[in-house]
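Visitor: Here's a structure for you.
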Amino acid sequence: MKSVLVFLVLLAVSHSLLRIPLRRGKSARQLLEERGQFEEHRRTFPYDPAAKFLSQDKEHVFSLIILFWAQTTYYGVIGIGTPPQLFKVLFDTGSSDLWVPSVRCTSSSCDSHAKFNSSASPTFQAGTEPFSISYSSGFVTGSTGYDTVKISDIYVEYQEFGLTEKESGTLGFVPWDGILGLAFPSLSLEGGTPVFENMWNQGKIPEHMFSMYLSSSLEGSMLILGGTDPSYYTGSISWVPLYQATNFWNIQIQSITINGNTVACSGSCAAIVDSGTSLIVGPRKDINNINGWLGASTDEYGDAVVGCRNVNLLPDIVFNMNGWSFSLPPSAYIIQSTSGCRTGFTSGSWILGEVFMRQFYTAFDVGNNRVGFAQAV
C-alpha cells in the first residue's frame, strides 16, 4: 500500500512539471561558414568565452560574444503579453534577464526576429528604467516593461523584461529572438526578479529546481521546470554543491584525468555550468595539455583539430567532482563538421557548456544550492 502511495505522489509531481521542448539550431558561426563570411567576422570579433562572466558594472556592461560564436544553440518558445506574442528564446543559465526585440527596434538585425508590440497587450505596463547591455561586438538598448509571460501551460504574472530598440548587427545571425536567463537574481542587470524566481514565488512549480536534457539531434531536447524527469537519464543523479557562488551556477572540479593521469585542474578549480556556452572552457595551459593528450593540432582559426578517422581511438576524459567521476567519451567532446573534426575545448575561465551537458542530464537545484548530473539517455 505504501509503495502505491509513493508511486501516486511521484506521478502527481511528474504531471505538474513544466516541459518546454528545445530545438537545436544552427549557430551564427555555422550560418557564416555556409555564406563564406566566417573568416572575416572572426577577425573582426575575436572569440572570448570567458568574457561572458566578467563582472558587471553599474552601467550594465555584459558580454554576449560567446552566444554569437556558439558552435550550436538550443532555444524554445515562450509567449509574452495578452494574448501571448510568441518568441524563440535562448534559455541561458549564465544570465538572469529576459529580453526580446520591440516593434520600435530600428536596427536591421531585428528584421529577422519576432518583435513585441506593447500596444497589442492590455496587460502591458511600461517600466521606468532604460535597458542597456554592452558587449564586445556591439550592444542592445531599449526600455523595460512588465507583462504576463506564458511558459508551457502556466502564466507568470507581472514579469519584468527588456525591450530592445537598437541591436548590434551580429544578433541578426542568431536563430533565437531573445534570451531568458536562468541564473541567480543577483546577476540581473534589469534589477527585477528573474522569470524562474517569479514562477516559484507565485506557486507555479512544485520544486525550486529546473533541469535540462540536451540532445544531439535537432529535436528532442527539453527544459523541465519544477524538478527532474527520469525518462531523460539513466541511474541516479549525482549532486555537486555550489562553490563560492552568488551569481552563477559555480561548482568545484577536483581534477580532470585521462587514463588515470591528471591533465587539468590539478589541486581543484571552480567552473560555471552554463547552457549558453557551447564548449568546455578552461585556462590555456590546461586546455593545451588536454588537447596535447588528444594529439590535436591548431588550425588557422585557433581550433584544436584531430583526424576524423582517429576519433574512435581517443581516450575518455574524466571530470572528478565531489567524489563522483563523470566520463566524457570522444563521441561527446569531438565536434564533426563538413570542414573536419575539432575538439570541444577552448581557452578561458572554466565553463562546462553544452559539450558536457549533452552527455549528462543536468539539474539546477536552487533550493539546495547544488547542481546534479546523470547519464543522459
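Basically my numbering = 1-based index in the sequence shown + 201. Idealized CB from N, CA, C, for every residue including glycine.
(1) Pull up the distance between the alpha-carbon of residue 556 and that of residue 279, whole angstroms please.
(2) Give the range of the beta strand (DSSP E) segment to which residue 442 is assigned.
(3) Please tell me whether residue 325 and residue 348 are closer than 8 Å, where the distance is taken between their beta carbons.
(4) In chain order, what residues of the same chain have a beta carbon less than 7 Å from the beta carbon of residue 560, not counting five sequence neighbours either side?
(5) Could you give the C-beta distance for residue 415 and residue 558, rounded to a whole number, given that I count them as a contact under 8 Å?
(6) For residue 599, which of helix, strand or coil comes out of DSSP?
(7) Can you give the Cα-Cα distance for residue 567 and residue 514, rounded to whole angstroms?
(8) How would you write the range of the alpha helix (DSSP H) that residue 590 sits in, first residue to last?
(9) Would you mind sorting residue 360 into buried or exposed? The rule is 16 or more other CB atoms within 10 Å of its CB.
(10) Ends of the alpha helix (DSSP H) at residue 532?
(11) What whole-angstrom Cβ distance do residue 506 and residue 496 have, given they're in contact under 8 Å?
(12) Which two residues bound the contiguous alpha helix (DSSP H) that contains residue 578?
(13) Within its chain, find whatever has a CB closer than 6 Å to the CB of residue 562; leave out the 5 residues flanking it on each side and keep chain order.
(14) With H, G and I counted as helix, E and B as strand and the rest as coil, what does DSSP make of residue 401?
(15) Tell me the DSSP secondary structure of residue 590 in three-state form.
(16) So, is residue 311 buried or exposed, given that buried needs 16 or more other C-beta atoms within 10 angstroms?
(17) Report all residues from its chain with a CB closer than 7 Å to the CB of residue 437; omit the five preceding and five following residues, and keep chain order.
(18) Excluding sequence positions up to five away, which residues of its chain have a Cβ less than 6 Å from the Cβ of residue 480?
(19) Please report the distance separating the alpha-carbon of residue 366 from that of residue 342.
(20) Just the C-alpha distance for residue 498 and residue 490, rounded to the nearest angstrom, thanks.
(21) Between residue 398 and residue 407, what straight-line distance do the alpha-carbon atoms span, to the nearest angstrom?
(22) To which residues does DSSP link residue 569 through a beta bridge?
(23) Take residue 277 as the anchor and find which of 224, 302, 297 and 328 has the nearest alpha-carbon.
(24) Note the first and the last residue of the continuous beta strand (DSSP E) segment covering residue 500.
(25) According to DSSP, residue 279 sits in a beta bridge with which residue or residues?
(26) Out of 282, 219 and 385, which one is the CA nearest neighbour of residue 294?
(27) How is the beta strand (DSSP E) around residue 520 delimited, first residue to last?
(28) Note down the Cα distance separating residue 390 from residue 485, rounded to an integer number of angstroms.
(29) Measure the alpha-carbon distance for residue 487 versus residue 454 and round it to whole angstroms.
(30) Buried or exposed: which applies to residue 265, given that a residue is buried once 16 or more other Cβ atoms fall within 10 Å of its Cβ?
(31) Please classify residue 510 as buried or exposed, where buried requires at least 16 other C-beta atoms within 10 Å of its C-beta.
(32) Please classify residue 175 as buried or exposed, where buried requires at least 16 neighbouring CB atoms within 10 angstroms.
(33) Thinking C-alpha only, which one of 316, 345 and 473 is nearest residue 446?
(34) So for residue 396, helix, strand or coil by DSSP?
(35) Quick one: residues in its chain with C-beta nearer than 8 Å to the C-beta of residue 517, no 5 flanking neighbours on either side, listed in chain order?
(36) With distances taken from CA atoms, which of 302, 226, 307 and 357 is nearest residue 363?
Guide: Well, looking at it:
(1) 25 Å
(2) 434-442
(3) yes
(4) 529, 533 and 577
(5) 5 Å
(6) The question about residue 599 has no answer here: the residues shown for the chain are numbered 202 through 578.
(7) 39 Å
(8) Past the edges of the chain, shown from 202 to 578, lies residue 590, and the structure says nothing about it.
(9) buried
(10) 531-534
(11) 10 Å between Cβ atoms; not a contact.
(12) Here residue 578 belongs to no alpha helix (DSSP H), and DSSP marks it neither H nor E.
(13) 414, 433, 434, 575 and 577
(14) helix
(15) No statement about residue 590 is possible, as the shown extent of the chain runs from 202 to 578 and does not include it.
(16) buried
(17) 575
(18) 545, 547, 554 and 556
(19) 6 Å
(20) 12 Å
(21) 13 Å
(22) The partner list for residue 569 (beta bridge, DSSP) is empty, contrary to what the question assumes.
(23) 224
(24) First-last for residue 500: undefined, no H or E at that position.
(25) 288
(26) 385
(27) 518-522
(28) 30 Å
(29) 13 Å
(30) In this prediction, residue 265 has a pLDDT of 45, which is less than 50 and means its spatial position is unreliable; what the coordinates show is noted afterwards. By the 10 Å Cβ count, residue 265 comes out buried.
(31) exposed
(32) Not covered by the structure: residue 175. The range shown for the chain is 202 to 578.
(33) 473
(34) helix
(35) 459, 528, 529, 530 and 531
(36) 302
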